[in-house]
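Numbering-wise (the working numbering), the sequence shown opens with residue -18 and increments by one.
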Amino acid sequence: MSNGMTPRQTSAEDVGQAPALTIDALGKKCPIPIIMLAERINHVPLNGIVSVLADDPAAFTDIPAWCRLKSHHHVASYELPQGGWAIHVRRNY
């Protein structure tokens, strides 16, 4: 990751797991990406991965913070070739 942050407690299983849902929040400003995630995370099975595509820099830090507050798991954030990130979140409950 280019900002010096590293994924927290990410297992090989998390990284290898394909997203069950992709939310396209590209071009949307925070808090919209988080609102979209909160509305749809329960649409995936327990332990399923949601990939949030976002290019607002606030989303890069706010989605992992939301995960900590809501007890979900921020798996990793991957840079997208066109700019922005695919932020992977594992549903914990």
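The C-beta atom is built at its ideal place from N, Cα and C for all residues, glycine as well.
Small disclaimer: the values here were computed from a predicted structure and weren't measured.
### Message
Could you compute how far the alpha carbon of HIS55 sits from the alpha carbon of GLY(-3)?
### Response
14 Å
### Task
Would you mind giving the Cβ-Cβ distance between ILE4 and LEU27, rounded to the nearest angstrom? I have them listed as a contact below 8 Å.
Going by Cβ atoms, the distance from ILE4 to LEU27 rounds to 18 Å, so no, they are not a contact pair.
### Message
Taking the beta strand (DSSP E) that PRO46 belongs to, which residues open and close that run?
### Response
Looking at the sequence itself, residue 46 is Ala, so the reference to Pro does not match. Counting along the chain, ALA46 falls outside any beta strand (DSSP E), though it belongs to the alpha helix (DSSP H) covering 38 to 51.
### Query
In chain order, what residues of the same chain lie with their CB nearer than 7 Å to the CB of PRO0, ignoring the 5 residues before and after it?
ILE30, VAL31, SER32 and HIS69
### Query
Straight-line CA distance for PRO12 to ALA40?
8 Å
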